[in-house]
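Colleague:
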Amino acid sequence: MLDKTIRTILVRLAAGPLLILLLATIGLSTQSYFLYGQHQHLLKEQADARIAADLKLSLENHSKKWGEYLIHYGSAEESERWVSFRGSEVETMKLANQLLVRSDSLSLTESVRHIIYALEVLRISYQEARNSLGQAADIRQALRDLQMINDVPMHLVAEVYHDIQQQAQAASAQFWNKSVGLTICLAVLLALCSVLYLRFSGVFTSRLLQREQAAKQKANWLLKHDYLTGLYNRQSLLKKITLLIDSETPFHLVKVSLLGIGAAGQAHGCSVQDGLITMAAKRLESESAPDDIIARSVGGDFLMIMPGRNDDSLKRGLGKLLDRLGQDFSFKGYRHQISAFAGCCSFPLQARDADRLFQYADIAATHAQLHRMDRAAIYDPKMSQAMENKAEQINQLRLALRRNQLHLHFQPQLNLQTGRVAGVEALARLKSDDPKLNIPTTFIALAEESGLIHLLGQKVAELAVSQISRWHKSGVDITVAINVSPRQLDDPNFVKFLNSLCRQYRVDPKYIDIEIIESDFVNSRHPLLEALSESGFGLSIDDFGTGFSNLGYLSHFQPRQLKIDKTFVDAIETDVRRRDLVRSIVDLAHSQGIQVVAEGIESEAQAELLAAMKADLGQGYWFSKPMPAEALDNIIPGLCGEAHSLSA
Numbered sequence: 132m133l134d135k136t137i138r139t140i141l142v143r144l145a146a147g148p149l150l151i152l153l154l155a156t157i158g159l160s161t162q163s164y165f166l167y168g169q170h171q172h173l174l175k176e177q178a179d180a181r182i183a184a185d186l187k188l189s190l191e192n193h194s195k196k197w198g199e200y201l202i203h204y205g206s207a208e209e210s211e212r213w214v215s216f217r218g219s220e221v222e223t224m225k226l227a228n229q230l231l232v233r234s235d236s237l238s239l240t241e242s243v244r245h246i247i248y249a250l251e252v253l254r255i256s257y258q259e260a261r262n263s264l265g266q267a268a269d270i271r272q273a274l275r276d277l278q279m280i281n282d283v284p285m286h287l288v289a290e291v292y293h294d295i296q297q298q299a300q301a302a303s304a305q306f307w308n309k310s311v312g313l314t315i316c317l318a319v320l321l322a323l324c325s326v327l328y329l330r331f332s333g334v335f336t337s338r339l340l341q342r343e344q345a346a347k348q349k350a351n352w353l354l355k356h357d358y359l360t361g362l363y364n365r366q367s368l369l370k371k372i373t374l375l376i377d378s379e380t381p382f383h384l385v386k387v388s389l390l391g392i393g394a395a396g397q398a399h400g401c402s403v404q405d406g407l408i409t410m411a412a413k414r415l416e417s418e419s420a421p422d423d424i425i426a427r428s429v430g431g432d433f434l435m436i437m438p439g440r441n442d443d444s445l446k447r448g449l450g451k452l453l454d455r456l457g458q459d460f461s462f463k464g465y466r467h468q469i470s471a472f473a474g475c476c477s478f479p480l481q482a483r484d485a486d487r488l489f490q491y492a493d494i495a496a497t498h499a500q501l502h503r504m505d506r507a508a509i510y511d512p513k514m515s516q517a518m519e520n521k522a523e524q525i526n527q528l529r530l531a532l533r534r535n536q537l538h539l540h541f542q543p544q545l546n547l548q549t550g551r552v553a554g555v556e557a558l559a560r561l562k563s564d565d566p567k568l569n570i571p572t573t574f575i576a577l578a579e580e581s582g583l584i585h586l587l588g589q590k591v592a593e594l595a596v597s598q599i600s601r602w603h604k605s606g607v608d609i610t611v612a613i614n615v616s617p618r619q620l621d622d623p624n625f626v627k628f629l630n631s632l633c634r635q636y637r638v639d640p641k642y643i644d645i646e647i648i649e650s651d652f653v654n655s656r657h658p659l660l661e662a663l664s665e666s667g668f669g670l671s672i673d674d675f676g677t678g679f680s681n682l683g684y685l686s687h688f689q690p691r692q693l694k695i696d697k698t699f700v701d702a703i704e705t706d707v708r709r710r711d712l713v714r715s716i717v718d719l720a721h722s723q724g725i726q727v728v729a730e731g732i733e734s735e736a737q738a739e740l741l742a743a744m745k746a747d748l749g750q751g752y753w754f755s756k757p758m759p760a761e762a763l764d765n766i767i768p769g770l771c772g773e774a775h776s777l778s779a
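Laid out in structure tokens, this is it:
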């Protein structure tokens with residue numbers, strides 16, 4: 132930016148002198164043209180004057196030749212002297228005609244014509260004088276007359292010569308006046324251009340430098356502030372923290388994380404996301420003290436320095452701040468619910484350097500988010516230990532997946548009318564060195580959080596498809612249900628991967644049910660669900676009825692199964708309203724041509740009630756706990772008796 136400005140200044144500054152130089156060149160060229168014209172005119176006047184002088188000399192020579200002729204009249208040289216005389220006469224007439232041709236003014240032309248006429252008269256007179264030389268009495272008179280006639284052209288030539296001199300002087304004066312006038316005009320013009328150039332170049336340079344200074348100030352401001360909210364950025368906050376640490380000033384560093392802004396941006400566009408972030412920043416500023424320093428970190432994360440507050444003041448301030456951020460955000464006709472979580476770390480009690488302060492505030496905010504705290508979390512060393520333990524568990528989970536320590540258990544799904552096994556649900560199990568990690572809810576949650584859910588899901592799908600392939604080869608016609616994480620549905624290659632597994636193990640996709648939780652079924656993933664259905668996979672809605680009361684989405688996309696959640700089945704024996712609700716779900720599903728699977732059946736009474744309601748399939752501990760495929764191999768071939776024969 133600076134180089135460009137300097138180049139612009141230099142170009143503008145150079146343009147003025149170049150313009151002045153151009154004007155000076157034009158002026159000098161014009162003046163040179165006038166001087167050249169003056170020079171040429173003077174040369175012509177000089178040539179004309181020379182011819183006039185030659186004409187005068189020629190006339191004098193002509194008279195001299197006449198005298199010589201008279202002296203030798205009657206001698207042997209008379210004829211030669213007459214020829215010489217006539218030659219000078221011709222030369223004189225030739226000069227007169229040459230002067231006439233070069234005349235460029237009317238007066239001069241007229242004067243030269245008079246000279247020529249006089250010369251003609253003189254020629255005739257000389258001829259007559261020669262003819263009368265034999266008469267002595269007439270010779271003297273003829274000579275006197277001839278002298279008078281000869282004086283006429285001499286006088287005329289002298290006048291012409293004088294006129295030529297005067298014209299030359301007048302032309303010289305005229306050219307001089309024009310040259311002086313042109314020089315003065317050019318000097319005035321150059322002076323005016325120089326003044327204007329200096330004036331406007333100074334104004335331009337001043338404005339350009341002002342803009343450059345404003346651009347520098349804006350750039351410096353952007354280096355220190357967030358462009359969207361106008362708050363300090365993280366780097367500026369770090370400098371202020373460093374100053375506070377160097378001065379040993381106690382303060383609290385607070386990290387505020389907002390959840391839901393990214394989802395709002397995905398649903399309504401980036402402008403809505405930016406607007407929500409700006410509104411959140413204004414709410415933070417409105418609830419902050421005058422000496423608080425607020426900065427935007429990244430996305431919906433903010434950092435605050437709160438100096439000079441005791442514990443009670445800190446808790447009250449953070450409580451008001453979270454309450455303010457917890458209020459609905461109205462923007463562009465939409466109301467958005469944003470969740471806010473805060474974590475706090477103090478200097479010098481909990482950390483004495485900036486890196487630790489940032490780390491501990493982030494850990495505290497993450498702790499508040501994981502535990503859904505409605506108040507700010509104050510950093511505790513136990514939080515760091517918990518984070519370290521989680522990181523270690525994630526590493527162990529990654530290592531266990533690489534070592535193929537994942538295996539499957541299968542829980543049978545029985546036809547409630549016939550008691551025969553119609554399918555199984557594949558459930559992931561882990562055998563790692565950490566017993567706590569082997570709990571399904573633990574390692575699945577860690578996989579979701581760390582992104583390992585894709586690798587985990589792929590391994591579960593491959594194990595399930597390979598097992599169903601073995602059962603089909605042994606003559607057991609059975610389906611397998613595979614639970615799919617919402618994150619797996621975000622992978623555009625998910626359907627392609629399942630199809631490749633089915634081709635690899637020669638399994639028809641119709642024997643595989645993809646279980647999707649109800650909230651994910653209605654969460655704008657219809658294109659992927661349609662791709663699964665078009666490939667032949669069955670779709671099951673898991674945990675049906677636990678969060679969505681609007682069932683209109685069933686008219687847009689029809690799954691193969693609905694799985695009634697265990698919370699409904701638990702109360703079916705004692706709660707009449709729950710029992711009626713389950714019956715309504717069964718009737719609704721059957722009216723749409725959808726199978727109903729009841730989960731969590733733990734008693735014979737529950738199984739009988741569900742069978743009476745015409746529920747299609749049931750699974751639960753009353754029939755069988757999840758078991759390895761080897762244990763299930765011993766049961767599946769003989770499953771033709773009553774349902775309770777599988778009870779554990």
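Numbering (this note's numbering), first residue to last: 132 to 779.
All C-beta atoms in this analysis are idealised placements derived from N, C-alpha and C, irrespective of residue type, glycine included.
Because the structure is a prediction, the values reported are computed rather than measured.
1. Using 8 Å for Cβ pairs, my map puts residue 589 next to residue 565. What's the rounded Cβ distance?
2. Less than 8 Å between the CB atoms is what I'm expecting for residue 226 and residue 186, so what's the real figure, rounded?
3. Mind pulling the beta strand (DSSP E) runs of 3 or more residues that sit fully within the region 411-437?
4. Can you give the Cα-Cα distance for residue 480 and residue 439, rounded to whole angstroms?
5. Determine the burial state of residue 655: buried for a count of at least 16 other Cβ atoms within 10 Å of its Cβ, exposed for fewer.
6. Look up residue 770 in the DSSP assignment and say whether it is helix, strand or coil.
7. Around the C-beta of residue 548, are 16 or more other C-beta atoms found within 10 angstroms, so that it is buried, or is it exposed?
8. Please classify residue 373: is it buried, with 16 or more other beta-carbons within 10 angstroms of its beta-carbon, or exposed?
9. If you draw a straight line from the C-alpha of residue 571 to the C-alpha of residue 496, how long is it?
10. Tell whether a beta-carbon distance below 8 Å holds between residue 392 and residue 360.
11. Which same chain residues end up closer than 8 Å to residue 375 when comparing Cβ atoms and leaving out the 5 residues on each side of it in sequence?
12. If you draw a straight line from the alpha carbon of residue 431 to that of residue 761, how long is it in whole angstroms?
13. Can you tell me whether residue 160 is buried or exposed? The criterion is at least 16 other CB atoms within 10 Å of its CB, across all chains shown.
14. Please classify residue 242 as buried or exposed, where buried requires at least 16 neighbouring CB atoms within 10 angstroms.
15. Answer with yes or no whether the minimum CB distance from residue 532 to chain D is below 8 Å.
16. Is the Cβ-Cβ distance between residue 748 and residue 546 less than 8 Å?
17. Can you tell me where the alpha helix (DSSP H) with residue 695 in it begins and where it stops?
18. Check for me: the beta strand (DSSP E) holding residue 507 runs from which residue to which?
19. I'd like to know if the region 689-706 and the region 725-734 are in contact, where contact means that at least 3 CB-CB pairs between them fall below 8 Å.
20. Suppose the cutoff is 8 Å on Cβ atoms and the five residues either side in sequence are ignored; what does the same chain contact list for residue 721 look like?
21. Going by alpha carbons, who is nearest to residue 157 out of 317, 703, 455?
22. Could you check which residue in 662, 609, 636 has the C-alpha nearest to that of residue 624?
23. Should residue 466 be labelled buried (16 or more other beta-carbon atoms within 10 Å of its own) or exposed?
24. Based on Cα-Cα distance, which residue from 209, 569, 646 lies nearest to residue 557?
25. What is the rounded straight-line gap between the Cα of residue 670 and the Cα of residue 644?
26. Could you name the residues of the same chain whose beta carbon sits closer than 6 Å to that of residue 434, not counting the 5 residues immediately before and after it, in chain order?
27. With a threshold of 6 Å on Cβ separation, who are the neighbours of residue 740 within its own chain once the five nearest residues in sequence on each side are excluded?
28. Residue 539 and residue 596 look like a contact to me (Cβ under 8 Å); what is the Cβ gap, rounded to whole Å?
29. Taking all protein chains shown into account, decide if residue 668 is buried (16 or more other Cβ within 10 angstroms of its Cβ) or exposed.
30. Give me, in chain order, the residues of the same chain whose beta-carbon lies closer than 7 Å to that of residue 364; leave out the 5 immediate sequence neighbours on both sides.
31. What do you get for residue 212, buried or exposed, if any count of 16 or more other CB atoms within 10 angstroms of its CB means buried?
32. Compare the Cα-Cα distances from residue 542 to each of 751, 312, 203 and report the closest residue.
33. Just the Cα atoms here: how many angstroms apart are residue 737 and residue 700?
34. Quick check on this structure: which residue in 664, 404, 716 has the alpha carbon closest to the alpha carbon of residue 674?
35. Quick one: grab the DSSP three-state call for residue 623.
36. Indicate whether residue 196 and residue 210 have their beta-carbon atoms separated by less than 8 Å.
Modeller: Looking at the atomic coordinates:
1. Indexing the sequence shown from 1 puts residue 589 at position 458. Indexing the sequence shown from 1 puts residue 565 at position 434. Not confirmed; about 22 Å, so no contact.
2. Position 95 of the sequence shown holds residue 226. Position 55 of the sequence shown holds residue 186. With a Cβ gap of about 4 Å, residue 226 and residue 186 count as contacting.
3. 424-429
4. In the sequence shown, counting from the first residue as 1, residue 480 sits at position 349. In the sequence shown, counting from the first residue as 1, residue 439 sits at position 308. Looking at the two C-alpha atoms, the distance is approximately 13 Å.
5. For the purposes of this step, residue 655 is identified with residue 524 of the sequence shown, where counting begins at 1. Confidence in residue 655 is poor, its pLDDT being 48 and thus under 50, which makes the residue's placement unreliable; the coordinate value appears in the next sentence. With fewer than 16 Cβ atoms within 10 Å of its Cβ, residue 655 is classed as exposed.
6. To locate residue 770, count along the sequence shown from 1; it is residue 639. Any reading at residue 770 must be qualified, since the residue scores a pLDDT of 44, below 50, and its modelled position is unreliable; no value is offered.
7. For the purposes of this step, residue 548 is taken as residue 417 along the sequence shown, with counting starting at 1. Under this definition residue 548 is an exposed residue.
8. Here residue 373 is taken as the residue at index 242 of the sequence shown, counted from 1. By the 10 Å Cβ count, residue 373 comes out exposed.
9. Locating residue 571 in the sequence shown gives position 440, counting from the first residue. Locating residue 496 in the sequence shown gives position 365, counting from the first residue. Roughly 26 Å separates the two Cα atoms.
10. Your numbering for residue 392 matches position 261 in the sequence shown. Your numbering for residue 360 matches position 229 in the sequence shown. It is not a contact, given that the beta carbons lie outside the stated cut-off.
11. Here residue 375 is taken as the residue at index 244 of the sequence shown, counted from 1. Closer than 8 Å at Cβ, skipping near neighbours: 382, 436, 438, 478.
12. Sequence index remark: in the sequence shown, residue 431 carries index 300 (1-based). Sequence index remark: in the sequence shown, residue 761 carries index 630 (1-based). For residue 431 and residue 761, the distance between alpha carbons rounds to 50 Å.
13. Along the sequence shown, read from residue 1 onward, the residue named residue 160 stands at position 29. The residue in question, residue 160, is exposed, as its Cβ has fewer than 16 Cβ neighbours within 10 Å.
14. Translated into positions along the sequence shown, residue 242 becomes position 111. Under this definition residue 242 is a buried residue.
15. Looking for chain D here will not work: only one protein chain is present.
16. As a position in the sequence shown, residue 748 is number 617, starting the count at 1. As a position in the sequence shown, residue 546 is number 415, starting the count at 1. Contact: yes.
17. Residue numbering aside, residue 695 sits at position 564 when the sequence shown is read from its first letter. Note, residue 695: premise wrong, no alpha helix (DSSP H); beta strand (DSSP E) at 692-695.
18. Looking up residue 507 in the sequence shown gives position 376. Residue 507 -> no beta strand (DSSP E), and no H or E assigned at all.
19. yes
20. Taking the sequence shown and counting its residues from 1, the one referred to as residue 721 is at position 590. If we look at residue 721 and ignore the five residues flanking it on each side, its Cβ neighbours are 727, 745.
21. Here the question's residue 157 lines up with position 26 in the sequence shown. With distances taken between Cα atoms, residue 157 lies closest to 317.
22. Here the question's residue 624 lines up with position 493 in the sequence shown. It is 662 whose Cα lies nearest to the Cα of residue 624.
23. Taking the first residue of the sequence shown as position 1, residue 466 is located at position 335. It is exposed - the Cβ of residue 466 has fewer than 16 other Cβ atoms within 10 Å.
24. Your numbering for residue 557 matches position 426 in the sequence shown. The candidate whose alpha carbon is nearest that of residue 557 is 646.
25. For the purposes of this step, residue 670 is taken as the residue at position 539 of the sequence shown. For the purposes of this step, residue 644 is taken as the residue at position 513 of the sequence shown. Rounded to whole angstroms, residue 670 to residue 644 spans 5 Å at the Cα level.
26. For the purposes of this step, residue 434 is taken as the residue at position 303 of the sequence shown. Around residue 434: 368, 386, 426, 428.
27. Here residue 740 refers to the residue found at position 609 when the sequence shown is read from its first residue. Hits under 6 Å: 703.
28. Against the sequence shown, residue 539 aligns to sequence position 408. Against the sequence shown, residue 596 aligns to sequence position 465. No, residue 539 and residue 596 are not in contact; Cβ-Cβ is about 11 Å, not under 8 Å.
29. Start at 1 with the first residue of the sequence shown, and residue 668 comes out as number 537. Residue 668 comes out buried.
30. Along the sequence shown, read from residue 1 onward, the residue named residue 364 stands at position 233. Correct list, in chain order: 355, 356, 357, 426, 427.
31. Mapped onto the sequence shown, residue 212 falls at position 81. Buried.
32. Start at 1 with the first residue of the sequence shown, and residue 542 comes out as number 411. The option with the nearest alpha carbon to residue 542 is 751.
33. As a working note, residue 737 is residue 606 in the sequence shown. As a working note, residue 700 is residue 569 in the sequence shown. Going from the Cα of residue 737 to the Cα of residue 700 covers about 7 Å.
34. Position 543 of the sequence shown holds residue 674. It is 716.
35. Counting from 1 along the sequence shown, the entry for residue 623 is found at position 492. Residue 623: coil per DSSP, three-state reduction.
36. Residue mapping note: residue 196 aligns to position 65 of the sequence shown, counting from 1. Residue mapping note: residue 210 aligns to position 79 of the sequence shown, counting from 1. Taking 8 Å as the Cβ cut-off, residue 196 and residue 210 do not qualify as a contacting pair.
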